[in-house]
Amino acid sequence: MYQFSSRLKSFSFALMVLGILGIGYGFWSAPKTDEDVEAILKEQEAHHGGAHHDSHATASHSEASHDSHANNEAHGKEDAHASHEATADNVKSVKYEDVIKLHDSIKNDTTHSSTVHASHIVADSAVVAEEKVSEVKSEVYVSKFHKEKVDHAAEHKEHIEHVKHQLQNKPWSALYVACIFFMLIAVGALAFYAIQWVAQSGWSPILFRVMEGVTAYVLPGSIIFFILLVLSGFHFNHLFTWMADGIADPKSENYDHIIAGKTGFLNVPFFLFRAAIFLFGWNLYRYVSRKNSIKLDQTKDLSFFKKNYNAAAMFLVFFIVSESVMSWDWIMSVDPHWYSTLFGWYVFASFFVSGITLITLTTIYLKNKGLLPEVNKSHLHDLAKFMFGISVFWTYLWFSQFMLMWYSNIPEEVTYFVTRIENYNLPFFGMVVMNFVFPLLILMNADFKRLQWVIVMAGIVILAGHYVDFFNMIMPATVGDQWFIGVSEISSVLFFAGLFIFVVFTALTKAPLSSDGNPYIEESKHFHY
Amino acid sequence: MSNKVVHAIYNDDDILLAAVHKTKAAHYHIEEVYTPFPVHGLDKAMGLPATRLAICAFLYGITGLFIYFNLLRYIMIQDWPQDIGGKPSFEFIQNMPAFVPVLFEGTVFFAAHLMVITFYMRSKLWPFKKAENPDVRTTDDHFLMEVGIHGNEEELVSFFKNTGAVEVKVIDKH
Numbered sequence: 001m002y003q004f005s006s007r008l009k010s011f012s013f014a015l016m017v018l019g020i021l022g023i024g025y026g027f028w029s030a031p032k033t034d035e036d037v038e039a040i041l042k043e044q045e046a047h048h049g050g051a052h053h054d055s056h057a058t059a060s061h062s063e064a065s066h067d068s069h070a071n072n073e074a075h076g077k078e079d080a081h082a083s084h085e086a087t088a089d090n091v092k093s094v095k096y097e098d099v100i101k102l103h104d105s106i107k108n109d110t111t112h113s114s115t116v117h118a119s120h121i122v123a124d125s126a127v128v129a130e131e132k133v134s135e136v137k138s139e140v141y142v143s144k145f146h147k148e149k150v151d152h153a154a155e156h157k158e159h160i161e162h163v164k165h166q167l168q169n170k171p172w173s174a175l176y177v178a179c180i181f182f183m184l185i186a187v188g189a190l191a192f193y194a195i196q197w198v199a200q201s202g203w204s205p206i207l208f209r210v211m212e213g214v215t216a217y218v219l220p221g222s223i224i225f226f227i228l229l230v231l232s233g234f235h236f237n238h239l240f241t242w243m244a245d246g247i248a249d250p251k252s253e254n255y256d257h258i259i260a261g262k263t264g265f266l267n268v269p270f271f272l273f274r275a276a277i278f279l280f281g282w283n284l285y286r287y288v289s290r291k292n293s294i295k296l297d298q299t300k301d302l303s304f305f306k307k308n309y310n311a312a313a314m315f316l317v318f319f320i321v322s323e324s325v326m327s328w329d330w331i332m333s334v335d336p337h338w339y340s341t342l343f344g345w346y347v348f349a350s351f352f353v354s355g356i357t358l359i360t361l362t363t364i365y366l367k368n369k370g371l372l373p374e375v376n377k378s379h380l381h382d383l384a385k386f387m388f389g390i391s392v393f394w395t396y397l398w399f400s401q402f403m404l405m406w407y408s409n410i411p412e413e414v415t416y417f418v419t420r421i422e423n424y425n426l427p428f429f430g431m432v433v434m435n436f437v438f439p440l441l442i443l444m445n446a447d448f449k450r451l452q453w454v455i456v457m458a459g460i461v462i463l464a465g466h467y468v469d470f471f472n473m474i475m476p477a478t479v480g481d482q483w484f485i486g487v488s489e490i491s492s493v494l495f496f497a498g499l500f501i502f503v504v505f506t507a508l509t510k511a512p513l514s515s516d517g518n519p520y521i522e523e524s525k526h527f528h529y
Numbered sequence: 001m002s003n004k005v006v007h008a009i010y011n012d013d014d015i016l017l018a019a020v021h022k023t024k025a026a027h028y029h030i031e032e033v034y035t036p037f038p039v040h041g042l043d044k045a046m047g048l049p050a051t052r053l054a055i056c057a058f059l060y061g062i063t064g065l066f067i068y069f070n071l072l073r074y075i076m077i078q079d080w081p082q083d084i085g086g087k088p089s090f091e092f093i094q095n096m097p098a099f100v101p102v103l104f105e106g107t108v109f110f111a112a113h114l115m116v117i118t119f120y121m122r123s124k125l126w127p128f129k130k131a132e133n134p135d136v137r138t139t140d141d142h143f144l145m146e147v148g149i150h151g152n153e154e155e156l157v158s159f160f161k162n163t164g165a166v167e168v169k170v171i172d173k174h
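These protein sequence lines are chains A and B, in that order. Just so we're aligned: 78 in UniProt numbering is position 78 of the first sequence, and the numbers increase by one with no gaps anywhere. Just so we're aligned: 1 in UniProt numbering is position 1 of the second sequence, and the numbers increase by one with no gaps anywhere.
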């Protein structure tokens, strides 16, 4: 029996306490008024002007925010100009879209009657439009949210308001990213565990207890996560823009035509209902399988083996559907205008490899304590092969998603990557290095896959890389260019890491670490490659 | 000098593997083992050196990558640049994401095919080649270990009878 070492226990508590303090500080220090935001933006600009010797991340960050700010100001000025011209023609206000349309119609048909009387003014605004076409094309997002701007002051106020919402979202997003990441790690480990049962694999039963330990986090993780979703549903935060009031009401100023078409699926009650069903299903499987697995050991009755086989098969069917819908709901819907058909697989690959990595790291920790004497290098080799293989699989999906959208260059799709490459350049490409290049190079060699320190190093980089992956999936939609890895982000990770360690290692103490009742345990003990 | 060998025949891969370990421990020289399917760990048990096929695969892959790089660069950039979806087509690097699948497939194609050909050549396999296995049952459900005799015939026969062999034969090889 494993005993939760007091050092590890106090370490996990320390992480949790630090995490809670940091999360609290993050919420407390989020700006509450427009004035706070003004001050922050001023400071960022001053920062940008003065300090070039800063760390790369901060420099690029402030540059990005400054650029977008300047960009918006330019928009405002041009807009004022355009609207001035337009007022002369007794039009109340001019939208970007209108200017572009006008411009296009002139190009297409110069004798069009409706444009003739406006040709003088249009010729002028067409120049403006010309410049803007390129910008607007790459930033549909901007044009959607700045529909009718009249003057610079209003534009500035709106910008401040926007930044305020982003900064207020930041601690919530940090919490959300860490929460969903750690929960999905456990779910990924659960899927791996279920696959072992269905495949009746001979090499892995010796690791079943470790896997069951890691999956123990599914329950607390999903409870906290569900609470977060409920808080979002009740407007305690604004992570999900589609949850805003009046989003489907044509008279409301929040009205969004695209989201209105999706409300049959994206509405808060159905959203929470789905979440409850999925989380319940996963927890149910975890509970049933763990119970049968322990009983199998105690009674050596093979009917429990069959029950677990059936449970795993049914779970995997349920999982592959629920996982895909889950990824649309909890991750893709923060960008409600955008969609990707392979997103479910992409998210799955990300947390699946993280789950396998965590199983590996836990196994190595326990082995080094002398608690898993039967685990040999071949088991580690197999786990490392999975880490390597699923990392490549993740890259395949990441690239498939990126390449098709990059190539087709359809504004509504490519905006997703434009935002990330412009404002999240370092994390966006950094994660490809961490999740693909590094594991590829270091885990390619068969002998390296048997060395503990190599696996641990690769594992830590993979875990960090997939955290950044989730960060990149959530943050651009909720925080925009106001992101940085600050107190909120780090302490959210610390808190959930502490909780994870505590839950996992507590679960490991509950049963012997070797599942001796499994009919394949002998094969597993003698597994060699 | 007579070229006599012992053929020890087994009907289970685990028994075979155990026998190989014992034979190695007794310092008899295993000339060859014939199996109907690959037996895990047999190469290590026999003390065979690690395969160098992986190095070949790497070199072939690099070759394929290089060939496809040049092919793409010539077709898509140099000879006939096309406007595909408004993407810049005058520089390789700007079009790189679109070329990645092709480069990948080229790498795999070369590595896979050349590796198979290398393997056949190295194993001396070619069309209409006569089978080398001494007993036809090794293509069905039996495993055969061939051990050279150096004046210790009696000793070897009794040794292999004790390793779980279903049949032990002494063969005069020519």
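Quick reminder that beta carbons are idealized off the backbone N, C-alpha and C, glycines included.
Chain B contact for residue i (CB, 8 Å cutoff)
{"i": "A:Phe-429", "result": "no"}
{"i": "A:Trp-203", "result": "no"}
{"i": "A:Phe-192", "result": "no"}
{"i": "A:Gly-403", "result": "Residue identity check: residue 403 of chain A is Met in the sequence provided, not Gly. It does: the Cβ of A:Met-403 has a partner Cβ on chain B nearer than 8 Å."}
{"i": "A:Phe-470", "result": "no"}
{"i": "A:Ser-340", "result": "no"}
{"i": "A:Asn-409", "result": "yes"}
{"i": "A:His-528", "result": "yes"}
{"i": "A:Trp-406", "result": "yes"}
Residue-chain proximity (residue i, chain A), Cβ-Cβ < 8 Å
{"i": "B:Gly-41", "result": "yes"}
{"i": "B:Asp-12", "result": "no"}
heavy atom of the ligand HEM below 7 Å from residue i C-beta
{"i": "A:Trp-282", "result": "The ligand HEM is absent from the structure shown, which contains no ligand whatsoever."}
Whole-angstrom C-beta distance between residue j and residue i, which should lie under 8 Å
{"i": "B:Val-39", "j": "B:Leu-17", "result": "6 Å"}
{"i": "A:Met-405", "j": "A:Val-414", "result": "5 Å"}
{"i": "A:Val-218", "j": "A:Ala-313", "result": "About 19 Å; that fails the 8 Å criterion."}
{"i": "B:Thr-163", "j": "B:Lys-4", "result": "19 Å between Cβ atoms; not a contact."}
{"i": "A:Phe-386", "j": "A:Leu-443", "result": "That pair is no contact at about 10 Å."}
{"i": "A:Trp-282", "j": "A:Tyr-346", "result": "About 19 Å separates the two Cβ atoms, so there is no contact after all."}
Identity of the residue in the options nearest residue i by Cα
{"i": "A:Tyr-407", "options": "B:Pro-127, B:Ile-9, B:Asn-95, B:Tyr-10", "result": "B:Asn-95"}
{"i": "A:Lys-510", "options": "A:Lys-291, A:Leu-8, A:Ala-260", "result": "A:Lys-291"}
{"i": "A:Val-479", "options": "A:Val-37, A:Ala-154, A:Lys-157, A:Gln-166", "result": "A:Gln-166"}
{"i": "A:Val-375", "options": "A:Thr-241, A:Ile-206, A:Tyr-176, A:Ser-491", "result": "A:Ile-206"}
{"i": "A:Pro-31", "options": "A:Phe-4, A:Asn-169, A:Ala-153, A:Lys-9", "result": "A:Asn-169"}
{"i": "A:Val-183", "options": "A:Asp-256, A:Phe-352, A:His-159", "result": "Looking at the sequence provided, one finds Met at residue 183 of chain A rather than Val. Selected option, being the one with the closest Cα: A:Phe-352."}
{"i": "A:Ser-289", "options": "A:Phe-470, A:Phe-192, A:Glu-35, A:Phe-343", "result": "A:Phe-192"}
{"i": "A:Asn-409", "options": "B:Gly-85, B:Gly-106, B:Thr-63, B:Phe-119", "result": "B:Gly-85"}
{"i": "A:Ile-485", "options": "A:Ser-5, A:Leu-371, A:Gly-22", "result": "A:Gly-22"}
{"i": "A:Ile-474", "options": "A:Gly-221, A:Leu-239, A:Pro-411, A:Gly-202", "result": "A:Leu-239"}
{"i": "A:Phe-181", "options": "A:Phe-502, A:Gly-202, A:Val-468", "result": "A:Val-468"}
{"i": "A:Ser-350", "options": "A:Val-454, A:Phe-505, A:Ile-259, A:Ile-185", "result": "A:Ile-185"}
{"i": "A:Phe-343", "options": "A:Gly-355, A:Thr-363, A:Leu-358, A:Ser-322", "result": "A:Ser-322"}
{"i": "A:Glu-174", "options": "A:Val-456, A:Pro-519, A:Phe-502, A:Tyr-25", "result": "For the record, residue 174 of chain A in the displayed sequence is Ala; it is not Glu. The option with the nearest alpha carbon to A:Ala-174 is A:Tyr-25."}
{"i": "A:Glu-158", "options": "A:Val-230, A:Val-461, A:Val-37, A:Pro-250", "result": "A:Val-37"}
Taking beta-carbon pairs under 9 Å, can you tell me which members of the stretch 81-97 of chain B lie near chain A? The residues in question are Ile-84, Gly-85, Gly-86, Lys-87, Pro-97.
Going along the stretch 19-31 of chain B in order, which residues come within less than 7 Å of chain A, judged by CB to CB distance? none
Name, going along the chain, the residues of the stretch 97-113 of chain B whose beta-carbon falls closer than 8 Å to a beta-carbon of chain A. Pro-97, Ala-98, Val-100, Pro-101
Please go through the stretch 424-471 of chain A and give each complete beta strand (DSSP E) segment of 3 or more residues, from N-terminal end onward. none
Residues in the stretch 383-399 of chain A with C-beta within 8 Å of chain B's C-beta atoms, listed in sequence order? Phe-399
Unbroken alpha helix (DSSP H) runs of length 4 or more, entirely within the stretch 483-522 of chain A: which are they? 487-508
Where in the stretch 3-74 of chain B do unbroken runs of the beta strand (DSSP E), each at least 3 residues long, occur, reported from the N-terminal end onward? 4-10, 30-34
Complete beta strand (DSSP E) runs within the stretch 209-245 of chain A (minimum length 3 residues, chain order): None, since the stretch 209-245 of chain A contains no complete beta strand (DSSP E) of that length.
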